[in-house]
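Numbering (this note's numbering), first residue to last: 41 to 767.
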């Protein structure tokens, strides 16, 4: 056990409780970076996890505070505050689990540390001296956050303090060791980054296949050990080294719902595993699951998502999950799944999917243009899809994200308690990435016969009307006092527009600048779901499902959970206003929506008109089902338009490249224009063969949804008839 200075217990009057929506709060213990305050943070976090408190689902210790996420159906803000105050008076901050010394073999300089010469020159040292100075100290791990497994280390010698890059790199290799300002750290996964890279380690610092996915925890100490390039390359090729598996209870308390252990590990040095992340996991519904969906066209960004991960933010792991969680839950209700079953999240432009066996599906969320073998498909209605049929989901006409629920749920491995895709760390979902052409997805066994699950429809308020302007309700805090009074008024009075630079991590807004009171920086702190952070430029960013777990910008407010779907469905250019409500009001709204969702299965109605096979109409009585696994029948891979084509932009975007000139002959499916939207490139292809009659845009132009890109003069066959594309 580790004995610290200080006296048992904490003074609860010195704690600050800052609201973070209706399901989160920040317990602020101090306002500086120090070992004493950090020890108090870790002691209180350990004690809270050891209770546990019913309804408390996340405990995220940071430098000088603790982020708490709770279930507002089970416990209120006031009740959480009361329990924390009670625990704080009883803890003994002098006793914590013993830390471990973790040695990090590091190859410095060369291609592994391209910024080492700059760091050395800035310090007035030779490269060898800079390496010696960096590897000499023992660094204290204050917290984990930002990205999975990212350690915030204290103790960098002042002489090595180096300014960050003026322009961050788009990709920093995993294992890179860097210096940024007064801090040093290791990039556990490949990510963008602005730190000066001085070396690299071969050790695996994040492994989602393990219950405790990180080998270094707050309170541990780290020492960098210089190695040669030969040693690095040799170690990189070795099989994973099996280190002692530290359970969450032995070094870090488990999630509150699990039984913790307060026993500490033995002091000493520990090496950690090597090589690539294991993408293993378990399939909870593998019994009866089958290959069911073949991806013919992936769409702009289509991922597998469920309701996200709970209990892993303390390791820097984002919650992920559906950005519009309500839409996914309603879709699952329609097809008879548990509300948390995995489905597809479809962003802006959808996929084309061939079904390899009969299935029941439902589209929810954004209003989307979709058809089944060429016949229109309604949203918010469950329908039967036959083996061999092709579901073509095209443009989200209103709203931004649609969800496809499939009876039985999409069956991908469960990693860290969820099937959700975490794009920022490249794990979960389907091999940690967006779907691609040729992927085949497995689906679990439905809960009932397919005929009993189709023809179900929701009505009324469950069919959202996506408008180009929305009012989003927020709870002020946790750091609204970091803004001037004028800045707070601006936030609540102004109209903001969604920037094209929005994605699953956050929704960036353009509009009036929100004035900070002093600095735009705070000591890195927990980021709650829906947190509205305001960086130095004064433009707010609403943090969403793939948000980083901690950050150094103040959060002026937190969007309530019920209204996060409004943000999720806002398209670039849409307008958002903010309205402040109290924590109690927000909790009442959350309880109301949960009660309505619980009652929804009993309120489903039978659709009067619905899509069955390739026909739109009423189908009475029982429908004979094709044999499961029947060979798919041949169908066209796409439905081709006939006649002249004016090719339009499917969504607001910037033109990256024009791939042709007027007069060029083209074939159906040939890329014409490359657009940038949602931080991703998308190729707009020719819908039919012919020649380019006119090009209406130039590279760098910004176009709106429906903006004209190219006009095509269609080709004609020998009989003078206009030819479409390939069948």
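Backbone N, C-alpha and C fix where the C-beta goes; we use that ideal spot for every residue, glycine too. It should be emphasised that the depicted structure is a prediction, and the values quoted were computed from it without experimental measurement.
Between which residues of its own chain and residue 629 is the CB-CB distance below 7 Å, once the five residues before and five after are set aside?
600, 602
Short of 6 Å in beta carbon distance, which residues of its chain neighbour residue 251, apart from the five on each side in sequence? Order them along the chain.
none
Can you give me the C-alpha to C-alpha distance between residue 767 and residue 709, rounded to a whole angstrom?
Residue confidence for residue 767 is low, a pLDDT of 33 falling below 50, so the modelled location carries little weight and cannot support an answer.
Specify, as a first and last residue, the run of the alpha helix (DSSP H) that residue 477 falls within.
Taken as a continuous stretch (DSSP letters only), residue 477 belongs to no alpha helix (DSSP H), as it is neither H nor E.
Sorry if obvious, but does the Cβ on residue 366 come closer than 7 Å to a heavy atom of the ligand SAM?
As presented, the structure is devoid of all ligands, the ligand SAM included, so that no description of it is given.
Can you list, in chain order, the residues of its chain whose CB lies under 6 Å from that of residue 481, leaving out five sequence neighbours each side?
333, 450
Where residue 517 and residue 558 are concerned, what is the direct C-alpha to C-alpha distance, given to the nearest angstrom?
16 Å
What residue range is occupied by the uninterrupted alpha helix (DSSP H) comprising residue 274?
Counting along the chain, the alpha helix (DSSP H) containing residue 274 begins and ends at 269–277.
Output the boundary residues of the alpha helix (DSSP H) element that contains residue 623.
Counting along the chain, the alpha helix (DSSP H) containing residue 623 begins and ends at 623–643.
Quick one, which of 376, 384, 355 has its alpha-carbon nearest residue 13's?
The question about residue 13 has no answer, for the chain in this structure spans 41 to 767.
Beta-carbon proximity check, residue 387 vs residue 440, cutoff 8 Å
Yes, the Cβ-Cβ distance between residue 387 and residue 440 is below 8 Å.
Go ahead and pull the three-state DSSP assignment for residue 180.
Residue 180 falls in the strand class under three-state DSSP.
Of all the options 742, 80, 522, 348, which has the alpha carbon lying nearest to the alpha carbon of residue 258?
80
Quick check on the DSSP output: the alpha helix (DSSP H) that includes residue 369 runs from which residue to which?
365–374
Are there three or more Cβ pairs, one per stretch, closer than 8 Å when the segment 461–476 is compared with the segment 409–425?
With a cut-off of 8 Å, the segment 409–425 and the segment 461–476 do not count as touching, because too few Cβ pairs lie within range.
Kindly indicate which three-state DSSP category residue 750 falls into: helix, strand or coil?
strand
Report yes if the CB atom of residue 713 is closer than 8 Å to the CB atom of residue 698, and no otherwise.
yes
Who are the Cβ neighbours of residue 241 in its own chain at under 7 Å, not counting the five residues just before and after it?
144, 145, 146, 215, 217, 226
In whole angstroms, what separates the C-alpha of residue 398 from that of residue 486?
11 Å
Could you tell me the alpha carbon to alpha carbon distance between residue 350 and residue 553, rounded to whole angstroms?
34 Å
State whether the segment 572–587 contacts the segment 179–190, with contact taken as three or more CB pairs (one from each stretch) at a distance under 8 Å.
no
Is it buried or exposed, residue 580, if we count other Cβ atoms within 10 angstroms and call 16 or more buried?
Buried, because 16 or more other Cβ atoms sit within 10 Å of the Cβ of residue 580.
For the beta strand (DSSP E) that residue 608 lies in, which residues bound it at each end?
Residue 608 -> not in any beta strand (DSSP E); alpha helix (DSSP H) instead, spanning 604–608.
Can we say the segment 195–206 touches the segment 233–240, given the rule of at least three CB pairs closer than 8 Å?
When Cβ pairs closer than 8 Å are counted between the two stretches, the segment 195–206 is seen to touch the segment 233–240, the count reaching three or more.
Would you call residue 571 buried or exposed, if buried means 16 or more other Cβ atoms sit within 10 Å of its Cβ?
buried
Check whether the Cβ atoms of residue 610 and residue 590 sit closer than 8 Å, and answer yes or no.
No, they are not a contact pair.
Give the DSSP-derived three-state secondary structure of residue 679 in the structure shown.
Confidence in residue 679 is poor, its pLDDT being 33 and thus under 50, which makes the residue's placement unreliable; the coordinate value appears in the next sentence. DSSP places residue 679 in coil when its eight states are reduced to three.
Please say whether residue 515 and residue 62 have beta carbons closer to each other than 8 Å?
Contact: yes.
How many whole angstroms separate the CB atoms of residue 474 and residue 338, which I take to be in contact at a CB cut-off of 8 Å?
7 Å
Strictly by DSSP, which residues pair up with residue 723?
714
Stretch-stretch touch, CB-based, cutoff 8 Å, three pairs: the segment 432–448 with the segment 391–410:
yes
Which first and last residues belong to the alpha helix (DSSP H) in which residue 589 is found?
Membership of residue 589 in any alpha helix (DSSP H) is not indicated, and neither H nor E is assigned to it by DSSP.
DSSP state of residue 499 mapped onto helix, strand, coil
coil
State the start and end residues of the unbroken beta strand (DSSP E) segment that holds residue 146.
DSSP places residue 146 in the uninterrupted beta strand (DSSP E) bounded by 141–148.
How about residue 191 and residue 262: do their beta carbons lie closer than 8 Å?
yes
Do residue 522 and residue 556 have their C-beta atoms closer together than 8 Å?
yes
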